[in-house]
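Numbering (the working numbering), first residue to last: 90 to 506.
We treat Cβ as the ideally placed atom computed from N, Cα and C, and that holds for glycine.
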Amino acid sequence: MTDLEKKYALVKEEYAKLGINTDEAIENLKKVRISLHCWQADDVVGFLSSDAVSGGIQTTGNYPGRARNAAEVKADLEEALSLLPGKYSINIHAIYQDGDEIVELDKIEPKHFSGWVDWAKKVGVGLDFNPTCFGRPQVNGGFTLSSPDKATRDFWIEHCKRSRKVAEYFGKELGITCCTNFWVPDGMKDIPYDRLAYRARLKDSYDQIFEEKIDPKYNIDCVESKVFGIGVESFTPGSNEFYFGYATANQIGITLDAGHFHPTEMISDKISSAALYCPHILLHVSRPVRWDSDHVVIFDDELNEIARSLVRNNIIEKTSIGLDYFDASINRISCYVVGVKSTLKALLRAYLEPFDMLKKLESEGNYTDRMFITERLKTMDFGTVFDYYCMKEGKKIGLDALDEIHRYEKEVLSKRG
Ligand code: RNT
Ligand code: ZN
90 MTDLEKKYAL VKEEYAKLGI NTDEAIENLK KVRISLHCWQ ADDVVGFLSS
140 DAVSGGIQTT GNYPGRARNA AEVKADLEEA LSLLPGKYSI NIHAIYQDGD
190 EIVELDKIEP KHFSGWVDWA KKVGVGLDFN PTCFGRPQVN GGFTLSSPDK
240 ATRDFWIEHC KRSRKVAEYF GKELGITCCT NFWVPDGMKD IPYDRLAYRA
290 RLKDSYDQIF EEKIDPKYNI DCVESKVFGI GVESFTPGSN EFYFGYATAN
340 QIGITLDAGH FHPTEMISDK ISSAALYCPH ILLHVSRPVR WDSDHVVIFD
390 DELNEIARSL VRNNIIEKTS IGLDYFDASI NRISCYVVGV KSTLKALLRA
440 YLEPFDMLKK LESEGNYTDR MFITERLKTM DFGTVFDYYC MKEGKKIGLD
490 ALDEIHRYEK EVLSKRG
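Below, the structure is given as structure tokens:
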């Protein structure tokens, strides 16, 4: 028995006193698929132009080793996955085409993403998708689907319609449902006069985009709100109310991004409401710091609350757990590993709660025991359970993973121009 196995045996006994089976918690965690965003590898630049991202979002930092093409993005993702236990889908944007040619966004077809499908089959991952409604000259004065200009709207509507066909192709080819996220950067720096007109146009554009029915076995559509962004501080037509209404009325998925609400609003408290009304929830697990800054996800209180609301409400199955952040100031592989491991740890910790017992205590009004037990849980050694899981999956534990990240940086990343 290794030291870790001995430690695990003791921790397992401690959890058993609370009626929790640690082996079962690990099995539950194994079933969760994480959607890993490709855009951390290259600072959301993509392969369609070499411009920095724009449209209310911004990557800061200049750490060497940014991936510059599909081969490098894939290599970096494979490196990150080699350090991570569990099941994955890779989340790609339309600006990351990987076929024989690269075309304008209103011309994309499944064949322009065939390279991703071949790779996904080889690596054993699913694929998720996003139309890219930002960072292109066709964004007209900051507007896409809600633009007053019909030609602008038509361009983006066409792009979004075609995106759904790419997503359907992913789902069919891989046998894993693709989750497609719609987010537009539309908004105003200063106070608008006619809010309704922008929202009415946005609604009409989506009605056209979602007109064609696609089998949810292959693709699930989700819409993402946002309250503000850089340069769009005063107004976004795609607010929470807009999209919550749209998703509910049309029974499509809702995306909850941790950075897209007023700074004191938490998405962890929105999940249980969304679960009642929307057929699907896509999370954009992110970390806002004073604004929608998209810092690397770490093991903080809100992440733990998000995981708890999924696990104890038993809504993992109707949820896609997508990560959405981009930090260019530190090693990008470590961004992936830290963000995913934090998310997995939070989920594992949530599975290591006696939820039936706590729900019962609460319904009986026994708030004394509820508090005592939830406080006890805070210092239980879930870290050992997580390390044990990584070991069983043949993954490097603790600082050994950091050594590997350093090796890859030295041998691969530092050689990129
Ligand atoms: C922007 C949204 C959106 C993007 C990605 C790249 O604020 O969060 O989801 O981050 O699509
Ligand atoms: Zn997002």
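Express the C-alpha separation of residue j and residue i in angstroms, rounding to a whole number.
| i | j | result |
| --- | --- | --- |
| residue 184 | residue 116 | 36 Å |
| residue 445 | residue 429 | 27 Å |
| residue 402 | residue 361 | 7 Å |
| residue 324 | residue 279 | 7 Å |
| residue 454 | residue 392 | 27 Å |
| residue 152 | residue 497 | 14 Å |
| residue 159 | residue 187 | 7 Å |
| residue 435 | residue 404 | 15 Å |
| residue 483 | residue 490 | 12 Å |
| residue 421 | residue 452 | 45 Å |
| residue 364 | residue 312 | 14 Å |
| residue 132 | residue 201 | 21 Å |
| residue 290 | residue 239 | 10 Å |
| residue 176 | residue 343 | 22 Å |
| residue 98 | residue 211 | 36 Å |
| residue 494 | residue 423 | 7 Å |
| residue 269 | residue 371 | 9 Å |
| residue 130 | residue 253 | 24 Å |
| residue 463 | residue 443 | 9 Å |
| residue 337 | residue 502 | 45 Å |
| residue 519 | residue 108 | Here the chain has residues from 90 to 506 only, and residue 519 is not among them. |
| residue 95 | residue 262 | 44 Å |
| residue 439 | residue 480 | 20 Å |
| residue 395 | residue 302 | 31 Å |
| residue 441 | residue 487 | 21 Å |
| residue 93 | residue 156 | 36 Å |
| residue 478 | residue 332 | 38 Å |
| residue 190 | residue 196 | 11 Å |
Who does residue i pair with in a DSSP beta bridge?
| i | result |
| --- | --- |
| residue 70 | Lying before the first or after the last residue shown, residue 70 is absent from the chain, which here runs from 90 to 506. |
| residue 410 | 123, 372 |
| residue 206 | Its beta-bridge partners do not exist; DSSP assigns none. |
DSSP three-state call for residue i: helix, strand or coil?
| i | result |
| --- | --- |
| residue 222 | coil |
| residue 468 | coil |
| residue 310 | strand |
| residue 337 | helix |
| residue 367 | coil |
| residue 135 | coil |
| residue 495 | helix |
| residue 277 | strand |
| residue 383 | coil |
| residue 117 | helix |
| residue 388 | coil |
| residue 343 | strand |
| residue 321 | strand |
| residue 229 | strand |
| residue 270 | strand |
| residue 292 | helix |
| residue 94 | helix |
| residue 284 | helix |
| residue 355 | coil |
| residue 514 | Outside the shown range of the chain (90 to 506) lies residue 514, about which nothing can therefore be said. |
| residue 253 | helix |
| residue 329 | helix |
| residue 160 | helix |
| residue 108 | coil |
| residue 463 | helix |
| residue 438 | helix |
| residue 143 | coil |
Whole-angstrom Cβ separation of residue i and residue j, contact assumed at under 8 Å?
| i | j | result |
| --- | --- | --- |
| residue 216 | residue 267 | 6 Å |
| residue 308 | residue 247 | With a Cβ gap of about 17 Å, residue 308 and residue 247 do not count as contacting. |
| residue 182 | residue 150 | About 20 Å separates the two Cβ atoms, so there is no contact after all. |
| residue 141 | residue 179 | 22 Å between Cβ atoms; not a contact. |
| residue 327 | residue 273 | 6 Å |
| residue 218 | residue 249 | Contact doesn't hold; Cβ gap of about 11 Å is too wide. |
| residue 222 | residue 245 | 6 Å |
| residue 299 | residue 310 | 6 Å |
Counting only beta-carbon separations shorter than 9 Å, does residue i have a partner in chain B?
| i | result |
| --- | --- |
| residue 387 | Here there is only one protein chain, and chain B is not present. |
**Message:** Is it the case that the segment 161-175 contacts the segment 143-151, given that we only count it when at least three CB pairs across the two stretches are under 8 Å?
**Reply:** no
**Request:** Taking 8 Å as the threshold, find out whether the segment 310-320 comes into contact with the segment 345-360 through three or more Cβ pairs.
**Result:** Judged by Cβ distances under 8 Å, the segment 310-320 makes contact with the segment 345-360, as three or more pairs qualify.
**Asked** Touch check for the segment 418-428 and the segment 468-477: three-plus C-beta pairs under 8 Å?
**Response** no
**Request:** Mind the definition here: the segment 220-234 touches the segment 170-178 only if three or more C-beta pairs lie below 8 Å; say whether that holds.
**Result:** no
**Prompt:** Using 8 Å as the threshold, is the segment 415-426 in touch with the segment 454-465, meaning 3 or more CB pairs across them?
**Reply:** no
**Prompt:** Below 8 Å, can you find three or more Cβ-Cβ pairs linking the segment 470-485 to the segment 111-130?
**Reply:** yes
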